[in-house]
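In this note's numbering, the protein residues as written are 12 to 190.
All C-beta atoms in this analysis are idealised placements derived from N, C-alpha and C, irrespective of residue type, glycine included.
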């Protein structure tokens, strides 16, 4: 049970899209999202849609997030959209909520977001990749997000952090509690 939760609603997430608006590790992590019609909501956010290495266009995309994170996600993407560098987003390789086998992943709770996952791959500190394909080439590939970037600043301003840990650098990953 988390702050705001009770025996009938241990997550503290309220019904019908009326979440408390509190998006913290404890407010979203009581248990994985089981009923996506209640706990996860679709949020439309503004983006600069990737067209090619030299072309992007204003657009929107829909992300599924924990009901308590809707305001933060809207703020994050609005800040990135308004930034001078207008970071391009590849809609086919960006998402938030997804059921994962790893029970500690904030994606299970809708409190994490992966952006341009092919071009911002997860790399172990030993040098191996976390999966079969991908890369991270900031400065060469416009979809690879540099360590210092407007989108990272936008996530940080809302209390989220990037997935840079001692054992791996998950360049695509941002989460509410750093997991």
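Exposure label - residue i; buried when at least 16 CB within 10 Å
i           : result
residue 51  : buried
residue 142 : exposed
residue 176 : exposed
residue 54  : buried
residue 138 : exposed
Pairwise C-alpha distance: residue j and residue i
i           : j           : result
residue 149 : residue 69  : 22 Å
residue 181 : residue 134 : 6 Å
residue 41  : residue 115 : Since pLDDT at residue 41 reaches only 48, below the 50 mark, its modelled position is unreliable, and the value read off the structure follows with that caveat. Cα-Cα distance, rounded: 11 Å.
residue 144 : residue 60  : 22 Å
residue 107 : residue 76  : 6 Å
residue 100 : residue 127 : 6 Å
residue 104 : residue 130 : 9 Å
residue 91  : residue 102 : 15 Å
residue 186 : residue 64  : 27 Å
residue 146 : residue 79  : 32 Å
residue 188 : residue 168 : 13 Å
residue 58  : residue 72  : 7 Å
residue 161 : residue 118 : 22 Å
residue 154 : residue 125 : 12 Å
residue 163 : residue 173 : 7 Å
residue 89  : residue 111 : 27 Å
residue 158 : residue 84  : 20 Å
residue 96  : residue 178 : 30 Å
residue 93  : residue 67  : 14 Å
residue 56  : residue 123 : 15 Å
residue 136 : residue 190 : 17 Å
Helix, strand or coil at residue i [DSSP, three-state]
i           : result
residue 53  : strand
residue 85  : helix
residue 63  : strand
residue 92  : helix
residue 128 : coil
residue 120 : helix
N- and C-terminal bounds of the alpha helix (DSSP H) containing residue i
i           : result
residue 167 : 161-168
Extent of the continuous beta strand (DSSP E) run through residue i
i           : result
residue 77  : 66-77
residue 175 : 172-175
residue 110 : It is not in any beta strand (DSSP E) - residue 110 carries neither H nor E in the DSSP assignment.
residue 184 : 179-186
residue 134 : 133-135
Any non-hydrogen atom of the ligand MN closer than 7 Å to residue i Cβ
i           : result
residue 174 : This structure lacks the ligand MN, and indeed carries no ligand of any kind.
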